[in-house]
Amino acid sequence: MDLELFKKIFKYNERSAIPMENRVKVERIDENNYDRIFAISDLHGQYDLFLRLLEKIELKREDLLLILGDICDRGKKSYEIYMKCMKMIKLGYNLKFILGNHEDMLLEDFENDYPLNYETEYSIYKNSKYFEKKNIEKWHKENFPAEVKWLIKWLKDCPLIVCGNENIFVHAGLNLSKDLENQERENVLWTREEFWMDKKNTLEEYKNKNIYFGHTPNLDGKISKKSGKIYDIDCGAFFTHSLGCMEVKNKKSKGKREIYVHC
-11 MDLELFKKIF
-1 KYNERSAIPM
9 ENRVKVERID
19 ENNYDRIFAI
29 SDLHGQYDLF
39 LRLLEKIELK
49 REDLLLILGD
59 ICDRGKKSYE
69 IYMKCMKMIK
79 LGYNLKFILG
89 NHEDMLLEDF
99 ENDYPLNYET
109 EYSIYKNSKY
119 FEKKNIEKWH
129 KENFPAEVKW
139 LIKWLKDCPL
149 IVCGNENIFV
159 HAGLNLSKDL
169 ENQERENVLW
179 TREEFWMDKK
189 NTLEEYKNKN
199 IYFGHTPNLD
209 GKISKKSGKI
219 YDIDCGAFFT
229 HSLGCMEVKN
239 KKSKGKREIY
249 VHC
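So for the sequence shown, my numbering puts the first residue at -11; every next one is plus one.
Here is the structure:
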């Protein structure tokens, strides 16, 4: 892993997004409806790692897979991951995607017509039938809306928080002094605060639940337990070439299990 490369890209993406709306969409689920529940985060275009993980966990239609944001940018195969997710959903797999800050920026580009602001649009362009026939500026103007309409619609429908019976899933973090419906959009997408340290103001509803988040990469390529029941599952896939997955439920066994794939 190139630490200097990490610092450069990390700094590049550290800016506040202009929120499209202030409301934070919370999706509530009944975890009893699933045999197993898995959570991963921050794939950042690492399509091959994603496929390896799916093969390793042998995901079934009775299971649930949650992706805690940031499929896009950095890696070269963001679009392939989005397509794979949509195909899985159409085939009847239970897959829930939580919006990440990189998707938030991508939607800003889509809505405000900012071609070339982020490498995500270039990765979509490369998968287009117009690649090498038109330049990306012309593609963005003439063909872009039709080709990515499905992706825009899907991302706009995604929640920012998923809350189950025993677990809460979010991209970047939470303000533990506010209930889920009153969280601030920018905070749940962008925060790098050590929110788990605010024990004094933590609401009762959070004390008995596991909280899983990503966004801040663990550069050792391992899932980290922050405090009590709070876990950072971003294993820095782009930098470490390691993807971590937390099995948070398995009806045949008790407890959580960490699963890793590497390339």
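Beta carbons are placed, not taken as given, at the ideal position from N, Cα and C, and that holds for glycine.
As the structure is a prediction and not an experimental result, all values here were calculated from the model.
Per DSSP, which residues does residue i bridge with? Please list them.
i    : result
R245 : E235
K213 : Y219
E91  : DSSP lists no partner for E91.
S29  : Bridge partners of S29: none, in fact.
N20  : Per DSSP, none; premise fails for N20.
F85  : I55
V14  : I149
H250 : S230
So which of the options has the shortest CA-CA distance to residue i?
i    : options                   : result
E246 : N20, L41 and N82          : L41
N82  : L47, G57 and M93          : L47
Q34  : H229, M234, C233 and K237 : H229
K244 : Y219, L207, A225 and L148 : Y219
L54  : E235, V249 and K239       : E235
F85  : V150, E96, F98 and L39    : V150
D92  : C233, N175, N153 and D23  : N175
V14  : N198, G152 and F98        : G152
N206 : I25, R11, S29 and F98     : S29
H203 : L87, I25, K240 and L94    : L87
In angstroms, rounded to a whole number, what distance separates the CA positions of residue i and residue j?
i    : j    : result
E19  : G216 : 21 Å
S165 : T190 : 5 Å
S66  : M185 : 34 Å
C60  : K242 : 33 Å
N21  : E50  : 8 Å
S62  : A27  : For the record, residue 62 in the displayed sequence is Arg; it is not Ser. Near 21 Å, if we compare the C-alpha coordinates of A27 and R62.
D167 : L31  : 28 Å
A225 : Y200 : 17 Å
D145 : K195 : 29 Å
V249 : K137 : 32 Å
H159 : C251 : 24 Å
N170 : L148 : 12 Å
I211 : I221 : 5 Å
K187 : N163 : 11 Å
H90  : N155 : 24 Å
Y157 : N238 : Strictly speaking, residue 157 in this sequence is Phe, with Tyr absent from that position. Distance between the alpha carbons of F157 and N238 is about 17 Å.
E193 : K141 : 32 Å
L95  : L139 : 10 Å
Determine whether the Cβ of residue i lies closer than 8 Å to any Cβ atom of chain B.
i    : result
N155 : In summary, chain B is missing from the structure at hand, where a single protein chain is found.
Alpha helix (DSSP H) runs wholly inside the region 147 to 206, at least 4 long, in chain order: 173 to 178 and 192 to 195
Sufficient close CB pairs (3 or more, under 8 Å) joining the region 179 to 197 to the region 72 to 84: no
Inside the region 33 to 61 only - beta strand (DSSP E) runs reaching at least 3 residues: At a cut-off of 3 residues, the continuous stretches assigned as beta strand (DSSP E) that sit fully inside the region 33 to 61 are 52 to 55.
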